[in-house]
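Beneath this line is the structure, given in structure tokens, with notes to follow.
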Amino acid sequence: MRHSRIIHLFFVFLVVLYRDGMSQPSTDSYPSRQLLLRDEGLSKLNYIDLAHPERNYYVSVPAGRDLQLIGQGHVMLGTGKGYEERDIKTGAKVAELTTFDGTIAARRLRNGNTMLVGLNWQEKKGIVLIELDRSLTLKRIINYPDFNYVRLIRETVDGNFLITSNDRVFEGKPDGSIVWQAQLAKQAKAQHAWQAQRLGNGYTLVSGGYSANFQRFDQKGMLVDSVSGPPVVHPDFFAGFQILANGNWVVANWQGHGPGHGGSGTQVLEYTPAGKLVWSWKQDPSQQSSIQGVLVLDGLDINRLHVEDAQGRLVPH
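Residue 301 in numbering that gives the first Met the number 0 is what sits at position 302 of the sequence shown, and the numbering runs on without skipping anything.
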């Protein structure tokens, strides 16, 4: 009898283990959620309305990185020559900048100016940031010459910049000095770390690219913990992310360059800061390939510029 009870308890344990390791949350948690997605694989901007799929669109855009709500119902996309601005509801192009060939990413700053990001660019070595005002007049150039790779930037509330550089992330001042940096863990191959965000407790959250996880670092640049999984979502490359008003993290789980990846993995994931996967959204392989950027629009005012606050949350400015 006791032997049978032990076998039963062991079986229950295995069921729980399988459930926690192999299941993923349903999209039903947010039946009315609205998403803006950047599909790198097909080079498209997607608008997804879970409650009204008839409003969805999938429009072609130039290759590039990052997306940001910039007000007036527009989203800005970094391109290889500058940026495009698109109408959020229709996907129509409303403005563009195409004279800065070699742009890697673009970001609208709190002062309303636009920062373009490049590498070995504008006659300077290393990471180069150029700031343009509303009339596209050059206001300043910031140079971090000791780095040979760059992806996204985020302006801190102090006016510094958090920048990802392959297996490193650093905070740079406008004068070109470095005030903080960290080395990513899990170095099986080049990480191509994507985005960094400063949190309210002073930690820095990084989407680790090919490490396929979030990595959290303290004020001294030491790794605190990491978040990923479960295996069923096929973590491959953690790219653009957003910190929601409730503190959760929504990240794009990119699956590879070019078309044909729409059946791979679950490409939009939401985690709590404790590392629990609480929501996920499975892409449509007939419409999408590999999602690189995500914005959850619920609760946001698309008529205002959005930046990150002192807690790292995306908020209107």
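C-beta: ideal position from N, C-alpha, C; glycine also. Please read all numbers here as calculations on a predicted model, not as lab measurements.
Runs of the alpha helix (DSSP H) lying entirely within the region 37-93, each at least 4 residues long, are absent. When the Cα atoms are used, Trp120 and Thr97 turn out to be separated by approximately 15 Å. For Phe213, the enclosing beta strand (DSSP E) has its first and last residue at Phe213 to Phe216. Straight-line spacing of the CA atoms in Gln254 and Gln194 works out to 17 Å. Per the coordinates, the alpha-carbon of Leu276 lies some 11 Å from the alpha-carbon of Val231.
By the neighbour-count criterion, in which 16 or more other beta carbons inside 10 Å mark a residue as buried, Pro30 falls on the exposed side.
Per DSSP, Lys281 is not a residue of any beta strand (DSSP E), being assigned neither H nor E. Here Asn212 is buried: its Cβ has 16 or more other Cβ atoms, across all protein chains shown, within 10 Å. Straight-line spacing of the CA atoms in Val314 and Ala192 works out to 24 Å. In this structure, the beta-carbon distance from Gly207 to Leu243 does not fall below 8 Å. For Arg167, the uninterrupted beta strand (DSSP E) run begins and ends at Arg167 to Gly171, by DSSP. Following the DSSP letters along the chain, one finds Pro315 inside the beta strand (DSSP E) bounded by residues Leu313 to Pro315. In the structure shown, Val249 falls within a strand segment according to DSSP collapsed to helix, strand and coil.
The shortest C-alpha to C-alpha distance from Thr102 to any of Tyr148, Leu49 and Asn247 is the one to Tyr148.
Per DSSP, Val178 is one residue of the beta strand (DSSP E) stretching across Ile177 to Gln182.
Straight through space, the alpha carbons of Leu128 and Gly117 are spaced by roughly 6 Å.
If only complete runs of 4 or more residues are kept, the region 91-152 shows no alpha helix (DSSP H) anywhere. Rounded to the nearest angstrom, the Cβ distance from Gly111 to Asn142 is 23 Å, too far for a contact under 8 Å.
Contact between Ile152 and Ala189 fails: their C-beta atoms lie close to 19 Å from each other, not under 8 Å. Annotation: Ser28 to Asn55 spans about 19 Å, alpha carbon to alpha carbon.
Just so you know, the alpha carbons of Ser288 and Ser59 end up roughly 13 Å apart. With contact defined as three or more Cβ pairs closer than 8 Å, the region 66-75 and the region 47-54 are not in contact. The beta carbon of Pro24 is closer than 7 Å to those of Leu276, Val277, Trp278 and Ser279 in its chain, skipping five residues each way along the sequence. In the DSSP assignment, Thr163 falls within the beta strand (DSSP E) that extends over Phe160 to Ser164. One thing to note: Ala181 has its Cβ no nearer than 8 Å to the Cβ of Arg197.
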